[in-house]
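Working notes, structure below.
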Amino acid sequence: MSSDLAIRFEGVGKEYHVGAAQSGGSSSYQSAAERLAGAVRHPLRTARGFVRRPPSETFWALRDVSFDVQRGEVVGVIGRNGAGKSTLLKILSQITRPTTGQIAVYGRVGSLLEVGTGFHPELTGRENVFLNGSIMGMTQREVRSKFDEIVAFSEVERFLDTPVKQYSSGMYTRLAFAVAAHLDPEILVVDEVLAVGDAEFQRKCLGKMQQVAGGGRTVLFVSHNMAAVSKLCHSCVVLSSGSVATHAATEPALSHYMAMTDVDELGKPIAINSPDRLEGELSVEAIGQDGDDWTLELQFKGFNRVPRLGVGVSVAGPDGVTIAKWRPFTTRLSLPTFAGVQRLRFTAPGLLRVLPKGSYTCGVWFAETGVEMLAEVERLARFDAPSSDVHATGVVPLHGTDGFVCTPLQLELG
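Residues in the sequence shown are numbered consecutively from 118, following the numbering used here.
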């Protein structure tokens, strides 16, 4: 076994039992009081239930997952919702066991998974820092040596002696990440939970993960933020329906992921549903260009009235990184409040003149009062930007290689 190996997944699968169907269509979830009352009223039926349980539906969250991670490597784990990313990290963090296969971990693991994992809600922030250290096998002296760094990074010093159940999600996440990253784990595991923090906190976290990796330790990073993955990761594991679609260097892996993420067909209705707030259907009528102007034509069929319904548009590059975003609260674009069919035509003047040649996708979202998000469709349609030889040199800039935008550049000598 190579001394440089940090993690090995070998044929790992994870099966869950979704639930048990019961006759008569009754719910399989009962309170303790209901179960006790039923046992008293029907003791024979209850006894039979222990012997003959109804069959349960099974679901494989992971199937035959195999890959190696070398020591000091930063690996992104990407895939659509439900691909198995969080399950993989929970197995790695020993929160759950695999149903099949084996996993080998060479080093101490520090995990930051979904908010709520790893902290005891009744304990204070200070107590949870020491509790996590002891779980990781550290002495109190070792934890104390890192304590001031943890507090400074988390920025929750005023609330250290407050039970964490009273923390906001942002405070909780800052402290949890600080603990996971500063208690010197050989392997740092970070889930999409970074989305809870603000932009400055995310910047600090990415910097800390780079520092951890630079010290020869290993990082596994799950994120839908392709820009962060591209900046941080040496390679990526792409999951699809619980299986490994590819494990490759970051740029080829991102290209593979974007290619397998199908966009919706033109004219195909897409359900827009924010319960009790916004219900309707959206379809793309046309997408293209008018000279250098980019155009997007949609049909929106609203099923209910929403006062001050703001609408926004975004454009992303081939790697999924957002290039342009027109937010409802900055554009003040809004729709009439009546329910019914409305045709929308967006125009971005000059956009195609500054986009390097490549394939792009666009998205649309709706917000109430222009601020509160109600619904979003990220990969609504694909379009191609033609060659943009802005300097008439015969050399066409390419997306990624030559940046996100390409405008004419002038030089004056003084």
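For each residue, glycine too, the CB sits at the ideal point set by N, CA and C.
{"Asked": "Over what stretch of residues does the alpha helix (DSSP H) that includes valine 260 continue unbroken?", "Found": "257-271"}
{"Asked": "Consult DSSP for alanine 456 and reduce its assignment to one of helix, strand or coil.", "Found": "coil"}
{"Asked": "Helix, strand or coil for alanine 376, going by three-state DSSP, please let me know.", "Found": "helix"}
{"Asked": "Is glutamate 317 near the ligand GTP - that is, is its Cβ less than 7 angstroms away from at least one heavy atom of it?", "Found": "Ligands are entirely absent from the displayed structure, and the ligand GTP is therefore not among its contents."}
{"Asked": "Based on DSSP bridge pairs, tell me the residues matched to glutamate 132.", "Found": "Trp177"}
{"Asked": "For a test of the three-state rule: what should DSSP assign to phenylalanine 126, helix, strand or coil?", "Found": "strand"}
{"Asked": "Cα-Cα, which of Thr439, Val339, Phe270 is closest to arginine 496?", "Found": "Thr439"}
{"Asked": "Tell me where the beta strand (DSSP E) around threonine 478 begins and ends.", "Found": "475-485"}
{"Asked": "Do leucine 209 and valine 226 come within 8 angstroms of each other at the CB atom, strictly closer than that value?", "Found": "yes"}
{"Asked": "For isoleucine 387, which of Tyr133, Gly250, Leu179, Ala492 has the nearest alpha-carbon?", "Found": "Ala492"}
{"Asked": "Could you pull the DSSP bridge partners for asparagine 390 from this structure?", "Found": "Glu396"}
{"Asked": "Taking only the alpha-carbon atoms, compute the straight-line gap between alanine 137 and phenylalanine 176 and give it to the nearest angstrom.", "Found": "With a pLDDT of 47 at alanine 137, under the threshold of 50, the modelled position of that residue is not reliable, and the figure given next carries that caveat. Roughly 12 angstroms separates the two Cα atoms."}
{"Asked": "Kindly indicate the opening and closing residues of the alpha helix (DSSP H) around lysine 202.", "Found": "202-209"}
{"Asked": "With a threshold of 7 angstroms on Cβ separation, who are the neighbours of glutamate 239 within its own chain once the five nearest residues in sequence on each side are excluded?", "Found": "Pro280, Lys282"}
{"Asked": "Who are the near neighbours of arginine 180 in its chain, counting only those whose CB is closer than 7 angstroms to its CB and skipping five residues on each side?", "Found": "Gly130, Gly359, Ser360"}
{"Asked": "Does isoleucine 267 pass the burial test, meaning 16 or more other C-beta atoms within 10 Å, or should it be called exposed?", "Found": "buried"}
{"Asked": "When we look at the beta-carbon of leucine 526 and count the other beta-carbons within 10 Å, is it buried (16 or more) or exposed?", "Found": "exposed"}
{"Asked": "If I measure Cβ to Cβ from glutamate 272 and keep anything under 7 angstroms in the same chain, skipping five residues before and after, which residues do I get?", "Found": "Arg291"}
{"Asked": "When the Cβ atoms of the segment 400-410 are set against those of the segment 466-477, are three or more pairs found closer than 8 angstroms?", "Found": "yes"}
{"Asked": "Can you name, in chain order, every residue of its own chain whose Cβ lies under 8 angstroms from the Cβ of glutamate 396, other than the five neighbours on each side?", "Found": "Ile389, Asn390, Gly419, Phe420, Asn421"}
{"Asked": "Excluding the five sequence neighbours on either side, which residues of its own chain have a C-beta within less than 6 angstroms of the C-beta of methionine 288, listed in chain order?", "Found": "Val273"}
{"Asked": "Let me confirm a value: asparagine 198 is counted as buried when at least 16 other C-beta atoms fall within 10 Å, else exposed. Which label applies?", "Found": "exposed"}
{"Asked": "I need the DSSP call for glycine 287, collapsed to helix, strand or coil.", "Found": "helix"}
{"Asked": "Here's the rule: buried if 16 or more other CB atoms are within 10 angstroms of the residue's CB, otherwise exposed. What is leucine 528?", "Found": "exposed"}
{"Asked": "In angstroms, rounded to a whole number, what distance separates the CA positions of asparagine 245 and alanine 330?", "Found": "25 angstroms"}
{"Asked": "Going by C-alpha distance, which of Thr335, Val494, Phe500 is nearest serine 476?", "Found": "Phe500"}
{"Asked": "Would alanine 433 be called buried (16 or more neighbouring beta carbons within 10 Å of its own) or exposed?", "Found": "buried"}
{"Asked": "Output yes or no for whether 8 angstroms exceeds the beta carbon distance between cysteine 479 and alanine 456.", "Found": "no"}
{"Asked": "If the criterion is Cβ atoms closer than 8 angstroms, does the pair valine 346 and glycine 128 meet it?", "Found": "no"}
{"Asked": "DSSP state of arginine 275, grouped into three classes?", "Found": "helix"}
{"Asked": "Does the Cβ of alanine 293 have 16 or more other Cβ atoms within 10 Å, making it buried, or fewer, making it exposed?", "Found": "buried"}
{"Asked": "Hey, could you find the ends of the alpha helix (DSSP H) valine 346 is sitting in?", "Found": "343-349"}
{"Asked": "With contact counted as at least three CB pairs below 8 angstroms, one residue from each stretch, are the segment 337-352 and the segment 363-375 in contact?", "Found": "yes"}
{"Asked": "Going by beta-carbon coordinates alone, are glycine 196 and alanine 178 separated by less than 8 angstroms?", "Found": "no"}
{"Asked": "For a test of the three-state rule: what should DSSP assign to threonine 524, helix, strand or coil?", "Found": "coil"}
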